[in-house]
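Read the structure below first, then the notes.
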Amino acid sequence: RERMAASPKLLAVALGLALMAGSAVAFTSPLAARLRPALRGAARSAASRAASLGLSMQKSDKVTGQKFEEKDEKKNPGKRPGHSVAGGEEAAAPVSPEIEAQRKLIEEHQASCPKSTWAEEIRTIMAQKNGFATLSTMSKTLEGFPLGSIVGFATDDKGRPYFVFSSLSSHTQNLLSNPKASLCVTEPKFKGAADARVTLIGSVTKVADSDEEDKLRKSYMENHPGAYWAEFKDFNFFRMDKIEDVSFVGGFARAGSVTVDEYTAGEPDPLAAFADPVMNHMNADHTDALKDYVTYLVGVEGELDTCQMKRLDKYGFDVRVAKGSDSGIIRIPFPETVSERKGIKEAIVALSQKAAKAKAAKEA
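Okay, so the sequence shown: first residue is 8 according to the numbering used here, each after it adds one.
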């Protein structure tokens, strides 16, 4: 592959066009304002590329523009519509061969990366340590209106979220009156629309069995070590015992749902317990290595301001890259699937060796 000496603008355009083509690259920035002609011009050609990846761009009116939609019914059994790309009917601005070549390079690499199933990804997000999320309950005082509350949560072995609430809290009183609720959970390093979030809808009821409550208390305090209030007598445990719906947005062009049975049968990623220390270490001490992975293994050219690991699983990791106000999320796959802690270091060393070899070949 020839080295493409890209400007910061080229990097941003390539990332943006890769997203529009339905690749795994997630992209969010003010580019829509600065580079809208180039992005709109890519919409038509992106349709054929997206189809090959299991995505479609459906023609719509001038208000909603075009849409990415996940066509794989296993990933989107509810057939939820995709994200809107406004302005698809407007005249296309020309795209340089250099930008097109880099877009294809990034797109092809990202499309080939192995990834967790949606059920696995959702269960991993739900199993996060020290998790907090938005619980929406039906208000007792304003009938028909929801009340949103930020609450701590943990999950049991079936993936059912549970909580410890004060008897005085408004959401506690709401649930005792009407157990219908939703819980919106974001991935641990959530920053915006390019990142993953899950919403569970179901019935949240008080845990009546004292032995079960003691079991949940012990587990909750392992997940929330500072939650001393879990032992207060006027705090009680609640759980979403009956889950009715599981919806998922994994980033741009990744929206859908899994069935409750699929969610229950899913397993959190085996590396979830070790991911944070690894990512923190890489982000603190090895950002140059991360930049080399993005540049020499994926093909993103140009100087990057920041490059940070944001998610790690058995198949690889996601890196958030940024140049100025432009940013994107790039997937870096491991050479092979990793199932235990010691394998993470071996996989990262192998990536570094591969990147060094590619770098030397380009600079020769």
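Quick reminder that beta carbons are idealized off the backbone N, C-alpha and C, glycines included.
Discussion item. Quick check: the Cα distance between S359 and G306, rounded to an integer number of angstroms?
Written reply: Across the structure, S359 and G306 are spaced so that their CA atoms are roughly 15 angstroms apart.
Worksheet item: Are the beta-carbon atoms of T131 and I157 separated by less than 8 angstroms?
Response: In this structure, I157 does not lie closer than 8 angstroms to T131 by Cβ.
Worksheet item: Which residues bound the beta strand (DSSP E) around V158?
Response: First-last of the beta strand (DSSP E) with V158: P153 to T162.
Worksheet entry | Classification of Y235 by the beta-carbon crowding that lies within 10 angstroms, buried from 16 upward | Answer is exposed; the Cβ neighbour count stays below 16.
Worksheet item: Which residues mark the beginning and the end of the alpha helix (DSSP H) in which D295 is found?
Response: It spans T294 to D299 - the alpha helix (DSSP H) in which D295 sits, taken as one unbroken run.
Practice prompt. With DSSP collapsed to three states, give me the class of D284.
Written response: For the record, residue 284 in the displayed sequence is Pro; it is not Asp. In the three-state DSSP reduction, P284 falls in the helix class (H, G or I).
Discussion item. Out of K317, P275 and K366, which one is the CA nearest neighbour of E127?
Written reply: Answer by Cα proximity: P275.
Item to complete: Less than 8 angstroms between the CB atoms is what I'm expecting for V256 and A203, so what's the real figure, rounded?
Response: The pair is a contact, with the Cβ atoms about 7 angstroms apart (cut-off 8 angstroms).
Worksheet item: Quick one: what's K426 bridged to in DSSP?
Response: Since the first residue shown for the chain is 8 and the last is 371, residue 426 is missing from the structure and cannot be characterised.
Discussion item. Whole angstroms are fine: how far does the CA of A368 sit from the CA of K321?
Written reply: Distance from the CA of K321 to the CA of A368, rounded to the nearest whole angstrom, comes to 29 angstroms.
Worksheet entry | Beta-bridge pairing of M145 - partner residues as DSSP gives them | Bridge partners of M145: P153.
Worksheet entry | Simplified DSSP state of D218, which is helix, strand or coil | Under the three-state reduction of DSSP output, D218 falls in the helix class.
Worksheet item: Can you list, in chain order, the residues of its chain whose CB lies under 6 angstroms from that of I208, leaving out five sequence neighbours each side?
Response: Annotation for I208: S189, E251 and D252 place their beta carbon closer than 6 angstroms to its own, counting only its chain and skipping 5 residues before and after.
Fill in: Selected residue, minimal CA-CA separation from F259, among N137, G335, N287 and P104
With distances taken between CA atoms, F259 lies nearest to G335 out of N137, G335, N287 and P104.
Item to complete: Go to Y322, then tell me how far its alpha helix (DSSP H) extends in each direction, as first and last residue.
Response: Where Y322 is concerned, there is no enclosing alpha helix (DSSP H), because DSSP gives it neither an H nor an E.
Discussion item. Taking the beta carbon of P340 as the centre, do at least 16 other beta carbons fall within 10 Å, making it buried, or is it exposed?
Written reply: P340 is classed as buried because its beta carbon has at least 16 other beta carbons within 10 Å across all chains shown.
Item to complete: Report buried or exposed for K165, applying the criterion of at least 16 other Cβ atoms within 10 angstroms of its Cβ.
Response: The residue in question, K165, is exposed, as its Cβ has fewer than 16 Cβ neighbours within 10 Å.
Worksheet item: Is it right to say A40 is buried, meaning 16 or more other beta carbons lie within 10 angstroms of its own, or is it exposed?
Response: Bear in mind that a pLDDT of 36 at A40, under 50, signals an unreliable position, so the number given afterwards is only what the model happens to contain. Result: exposed.
Item to complete: Compare the Cα-Cα distances from G263 to each of E150, T206, A357 and S332 and report the closest residue.
Response: It is T206.
Worksheet item: Measuring CB to CB, does A329 end up less than 8 angstroms from P342?
Response: Result no, Cβ atoms of A329 and P342 do not sit closer than 8 angstroms.
Worksheet item: Is the distance from the Cβ of M247 to the Cβ of K187 below 8 angstroms?
Response: Not a contact, by the Cβ cut-off of 8 angstroms.
Worksheet item: Any C-beta of chain B sitting closer than 8 angstroms to the C-beta of A134?
Response: Of the chains in the structure shown, none is chain B; there is only one protein chain.
Practice prompt. Determine, using beta-carbon pairs with one atom in the region 106-113 and one in the region 173-187, whether at least three such pairs fall under 8 angstroms.
Written response: No: fewer than three Cβ pairs fall under 8 angstroms.
Discussion item. Please classify D312 as buried or exposed, where buried requires at least 16 neighbouring CB atoms within 10 angstroms.
Written reply: Here D312 is exposed, its C-beta having fewer than 16 other C-beta atoms within 10 Å.
Worksheet item: What number of angstroms, rounded off, separates the C-alpha of G61 from the C-alpha of T294?
Response: Caution applies to G61, whose pLDDT of 39 falls short of 50 and renders its modelled position unreliable; the model cannot decide the point.
Discussion item. Can you check which of these residues, N137, T344, K349 and F281, is closest to S226 by C-alpha distance?
Written reply: Of the candidates N137, T344, K349 and F281, the one whose C-alpha sits nearest the C-alpha of S226 is N137.
Discussion item. Could you check whether F245 and K213 sit closer than 8 angstroms to each other, using their CB atoms as the reference points?
Written reply: Here K213 is near F245, since their CB atoms are less than 8 angstroms apart.
Worksheet entry | Identity of the residues DSSP links to K198 by a beta bridge | DSSP lists no partner for K198.
Worksheet entry | Range of the contiguous beta strand (DSSP E) that encloses D333 | Here the beta strand (DSSP E) through D333 covers D333 to P340.
Item to complete: Kindly give me the distance between the Cβ atoms of V192 and M133, rounded to whole angstroms, as I take these residues to be in contact under 8 angstroms.
Response: Taking a contact as a CB-CB distance under 8 angstroms, the pair V192 and M133 counts as one, their CB atoms being some 6 angstroms apart.
Worksheet item: Nearest CA to the CA of E105: which residue from G151, D163, H116 and E308?
Response: Answer by Cα proximity: E308.
Discussion item. Classify S123: buried if its beta carbon has 16 or more other beta carbons within 10 angstroms, exposed otherwise.
Written reply: Buried: at least 16 other Cβ atoms inside 10 Å.
Worksheet item: Grouping DSSP H, G and I as helix and E and B as strand, with all else coil, what is R167?
Response: Under the three-state reduction of DSSP output, R167 falls in the coil class, being neither helix nor strand.
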